[in-house]
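The block underneath contains the structure these notes are about, expressed in structure tokens.
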Amino acid sequence: MDQEQIAPSDKRPNFIIIFCDNLGYGDIEPFGSKVIRTPALNRMAQEGRKFTHFLVTAGVCTPSRASIMTGCYSQRVGMHVNPRDGLVLRPISPYGLNPEEVTIAEVLKGVGYITGLIGKWHLGDQPEFLPNNQGFDYFYGIPYSDDMTQEVGLRIGTKFNGSNWPPLPVMENTKVVRAGVDRNLLTKDFTEKALEFITQNQNEPFFLYLPHAMPGSTTEPFASEAFKGKSKGGPWGDSVEELDWSVGQIMDKLEELGIEKNTVVVFTSDNGAPMTDDPTSTVRGTNLPLTGRGYTTAEGAFRVPTIFWWPGTVPAGTVSEEMATTMDFLPTFAQLSGAKVPHDRIIDGKNILPLILGDKGAETPYDVFYYYYMDQLQAIRAGQWKLFLPLKEFVVHPYFKPGEDNQPLLFNVVNDISSSHNMAAEKPEIVKRLSELAEIAKNDLGNNGQPGVNQRSPGKMANPVPVLMR
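The following block contains the structure:
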């Protein structure tokens, strides 16, 4: 790791990232839910700062998580697709986050932080790729999605080597401590471990990455008995309300220890909710008032509910409407911790501290942002404008049908939150400018099987083995 360090002028803050799985933009009260109750998140928003244009880099798990770890587009670090798994890693995959990448944990560990990951990893289940080899002092959680169980593997058979998938493992560092776990207890379990980590490290600067497994990908998400059947939003709502409880537990613990004013807490999601075919249904979450479902390049897949809480520093009860992304955690936390981002490679994220602090006149540091589906560039955003490129062939698209003469779609995603008014015919000069920017992205990050000039390789190993209790 080639990294310069600078001495911080003040006491360095702790960092906590609470990262939900498939939580939709409209699934919590601060972002418009009228069904699911989220009192802790209401408090977090009242005492913190909401970001209404906060983006992830993919509409699915693995590539989104690669970006939060590396500060890069998943295409940059080769974690967007692979020939064995498709767009998300499966158990016993030979692929994972390349250990040569510099993670946010390594950046912070390099300047004396205690680093912990409690929850869902999903960036490779082989020893070389696991959190303890990626900068984390402590790991407790599951190595991949909670729905990748032995039972599911047996159903899919030879595909993805499913017949050899092990019982869902819970790991502590490099050892499996439970196998075939009760998924109803995951949120409770991860929360309790997170509280222990905070308590044990209260006197040291620490970084806690808390990627919950819920509400997740199953038709009916899981929740413990204290929350099961209690929400008006059904099982999805039960799961989200337990996540809200978890947030409250974290904030309460920080205040109990007297370290809340020296801790930056971020709540966000890895991508939007999968939703159902009925956009008014909340059975599988909702991204309303945004359009589109998770697993696509729709705004509802990439734009996620995000709140920063840092009492006494972040202006309370405020909102940022500027574009920011999960790639920005690495450079921003580096700035706050006295570290510098690696300068021997491209890092796509930006320092968004002025946006977090609500500095007068602070604007997004992004000139352009790219919406990829696997290795295909489908859309591009600059300022208020989002352009869907005219494509005939694709795996999944939120608007187009394969083989048709699809024309460009241009939306003002600031003024037209539902992306319902195509302005391509009215703004041909903007279509032209964004189309030219798209060509730069294709050259840089690749497109449709053609590699980009600045892409890096994922990790790959021979003869992967199941994660088993031994």
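In terms of this note's numbering, the sequence shown opens at residue 70 and continues consecutively.
Quick reminder that beta carbons are idealized off the backbone N, C-alpha and C, glycines included.
- LYS511: member of the alpha helix (DSSP H) spanning 497-514, first to last residue.
- The DSSP-derived three-state label of MET283 is strand.
- Annotated three-state conformation of PHE123 is strand, per DSSP.
- Apart from sequence neighbours up to five positions away, the residues of its chain that approach SER293 with a beta-carbon distance below 8 Å are ASN253, LEU254, THR256, LYS257 and GLU311, ordered along the chain.
- Assigned with DSSP and collapsed to three states, ASP258 falls in helix.
- Collapsing the DSSP output to three states places ALA493 in coil.
- Around TYR364, the same chain offers GLY128, VAL129, ASN340, PRO343, ALA370 and VAL465 as residues with beta carbons nearer than 8 Å, after the five sequence neighbours per side are excluded.
- Bounds of the beta strand (DSSP E) holding PRO238 are 238-241.
- Within 10 angstroms of the beta-carbon of HIS490 lie fewer than 16 other beta-carbons, which makes it exposed.
- If you look at CYS89, you'll find it isn't in any alpha helix (DSSP H); it sits in the beta strand (DSSP E) that goes 83-90.
- With respect to the C-alpha of ALA393, the residue from GLY381, ASP347, PHE198 and ILE376 having the closest C-alpha is ILE376.
- By alpha-carbon distance to ARG450, the top candidate from LEU537, ASP436, ASP444 and PRO304 is ASP436.
- Distance from PRO235 to LEU537 at the Cβ level is roughly 5 Å; contact confirmed, criterion being Cβ atoms closer than 8 Å.
- Taking 9 Å as the cut-off, the Cβ atoms of LEU158 and TYR213 count as close.
- Annotation: PHE398 is outside any beta strand (DSSP E); the continuous alpha helix (DSSP H) that includes it extends over 398-406.
- Going by C-alpha positions, GLU261 is about 11 Å away from LYS322.
- With fewer than 16 other Cβ atoms inside 10 Å of its own Cβ, ASP474 counts as exposed.
- Closest option to LEU124, judged by alpha-carbon separation, among PRO477, GLY140, ASP313 and ASN517: GLY140.
- Contact between the segment 178-192 and the segment 412-419 is absent: fewer than three C-beta pairs spanning the two stretches fall below 8 Å.
- The beta carbon of PRO434 sits closer than 6 Å to the beta carbons of LYS419 from its chain, once the five residues preceding and following it are set aside; these are given in chain order.
- Leaving aside the five residues that flank ASP90 on each side, the residues in its chain whose CB is nearer than 8 Å to its CB run, in chain order, CYS130, LYS189, SER214, PRO280, HIS281, ALA282, MET283, PRO284, GLY285, SER286, SER338 and ASP339.
- Spatial neighbours of MET443 in its own chain (CB-CB distance under 7 Å, excluding positions within 5 residues in sequence) are listed in chain order as HIS149, VAL150, LEU156 and VAL464.
- Relative to the Cα of VAL383, the nearest Cα in the group GLU265, LEU199, VAL334 and GLY226 belongs to VAL334.
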